[in-house]
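Chains as they are written, first to last, in my numbering: chain A, -12 to 96; chain B, -12 to 96.
Idealized CB from N, CA, C, for every residue including glycine.
Nothing here was measured: the structure is a model prediction, and the numbers come from that model.
Single-structure report; data block below.
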DNA sequence: CTCCAATACCTAGATAATCTATGTATCGTA
DNA sequence: TACGATACATAGATTATCTAGGTATTGGAG
């Protein structure tokens, strides 16, 4: 499956990039935000999220900075211009994938 | 990600079950059929397909039988009643997943 | 005051879905 | 006669995600 390997990771990454495209956020907040905005469908684990954030930062799609809030330190992530490019690309890919699945299974193509 | 583990395998399995729900087919044919009906998006590898077919048969979602055609032996797969139940379930799950992603990314929800 | 849940970060190792690579064999065609 | 297409299959690599564990702070319930 050519598109799927990308999409597996892609479906998580696209969600992260999308919410970070609206405003900067810290890890824990991202989990809650994605859970809420997906009506409880996406329950991302911390063990899933943090390694992905590190990877995206290493690839230059995100930038981060620490800040303090009530004695707790938070690491805020912002999307970069490169990240925005990737988001546009991933979004196209998602639509392509979604359309293809719906075409095959004949479910609201 | 609670739904995703299911969906990764699910997105492949749902495609297979869908086309087998229309008529019985053999492995090689399934690859071509899914490739065509998805407009070239899903290029399933034999190394991906055959193990999945064996698993689905072992789980009782599919049945198979050998037949001969021009000296080549083909293994035809049919969907079982259990398989049809699973297909309905998987389809619901797909719609749920698709809707959730589209809600979050705001792409034709 | 003490314990526990929630908040907030992190990593190592396990699990599992898919791919790569390889093997066998037949058929049609250039 | 050599090669691509057809047709099946499996072993091992890759990699995305999960499980399970770790640290530390805050706030509220008992």
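When only Cα atoms are considered, residue 35(B) and residue 85(A) end up about 20 Å apart. DSSP places residue 52(B) within a strand segment (E or B) once states are collapsed to three.
Cβ-Cβ distances below 7 Å link residue 93(B) to nothing in the same chain once the five nearest sequence neighbours on each side are left out. Residue 10(B): not part of any beta strand (DSSP E); DSSP gives it neither H nor E. The shortest C-alpha to C-alpha distance from residue 5(B) to any of 43(B), 54(B) and 66(B) is the one to 66(B).
Here residue 66(B) is bridged, per DSSP, to 49(B). In this chain, residue 93(A) is not harboured by any alpha helix (DSSP H), its DSSP state being neither H nor E. By the rule that beta-carbons nearer than 8 Å mark a contact, residue 72(B) does not touch chain A.
Shown here for residue 43(A): same chain residues with a beta carbon closer than 6 Å to its own, the five before and five after excluded, namely 49 in chain order. In this structure, 22(A) is the residue among 68(A), 14(A) and 22(A) with its C-alpha nearest to the C-alpha of residue 91(B).
A Cβ-Cβ distance of about 6 Å is found for the pair residue 51(A) and residue 63(A), placing them in contact under the 8 Å criterion. Residue 19(A) and residue 71(B) have their C-alpha atoms some 36 Å from each other.
Within chain A, not a single residue places a beta-carbon under 9 Å from that of residue 45(B); the smallest gap is close to 21 Å. Counting every other CB atom within 10 Å of its CB across the protein chains shown gives residue 69(B) a total below 16, marking it as exposed. In the three-state DSSP reduction, residue 60(B) falls in the strand class (E or B). Proximity of chain B to residue 81(A) at the Cβ level (cut-off 9 Å) is accounted for by 88, 89, 92 and 94, in chain order.
Under the 10 Å beta carbon count, residue 77(A) is surrounded by 16 or more other beta carbons and is classified as buried.
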